[in-house]
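Take a look at the structure set out below.
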Amino acid sequence: MLRWNMETLSEEEARQRLETLAGWEYANGRIRKQVVFRTFLRAIAFMNTVAYLAEAAKHHPDITINYNKVTLRLITHSEDALTERDFNLARQIEQLPIVALVEAPSDAAG
C-alpha cells in the first residue's frame, strides 16, 4: 500500500512549492489553476484526463468547468489542508501532453 506523508504545509511552504508550478496560485488554503481551451470538447477531454490521474492517485481535486475553462483546486480533504499529495498531483497534471493545447486565458463567452 502506498503511504503518503500527511504532514500539512504552511502557507509559506505552499507558496515556495508553487514557484515550480507554472500558472498555479495559492487561494483560500488551496492551490488553484485555471486552464482555458479553444473548445468545450478539449476542456472536457482535459477534465477527464485529470480525473483518471486523480483516481489512480486516490487524490481528488475539486474541478469546475465553465464552457472552455477548467478550474482545478487541490487540497487534501482528509486533512482540510495542503499536503505534499496536492503538489504531487499538480506536478502530474503539469506533465499531461494535453496541457500544451491550451490558449492564453481570455474572456471567452460560453
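Take the sequence shown: its letters are residues 233 to 342, numbered as in the numbering used here.
Each residue gets a CB set at the ideal place from its N, CA and C atoms; glycine is no exception.
Quick one, which of the options has its alpha-carbon nearest residue i's?
i: HIS309; options: ARG262, THR252 and ILE297; result: ARG262
i: PHE319; options: PHE278, ILE297, VAL268 and ALA289; result: ALA289
i: ARG274; options: GLU311, VAL302 and ALA322; result: VAL302
i: GLU245; options: GLN266, GLU316 and ARG323; result: GLU316
i: VAL268; options: GLU239, PHE278 and TYR284; result: PHE278
i: ILE287; options: GLN248, GLN324 and LEU241; result: It should be pointed out that residue 287 corresponds to Glu in this sequence rather than to Ile. Minimum Cα distance to GLU287 is reached at GLN324.
Name the DSSP beta bridge partners of residue i, please?
i: ARG305; result: ARG264 and ASP294
i: VAL313; result: Note that residue 313 is Ala in the sequence shown here, rather than Val. DSSP, once it has assigned bridges, lists THR308 as partnering ALA313.
Under the three-state reduction of DSSP, which class applies to residue i: helix, strand or coil?
i: GLN324; result: helix
i: MET233; result: Residue placement at MET233 is flagged as unreliable, the pLDDT there being 39, under the threshold of 50; a coordinate-derived value is accordingly withheld.
**Request:** Please specify which runs of the alpha helix (DSSP H), each continuous and at least 4 residues long, are wholly inside the segment 239–284, giving them in chain order.
**Result:** Counting whole runs of 4 or more residues, the segment 239–284 contains the alpha helix (DSSP H) stretches 243–250.
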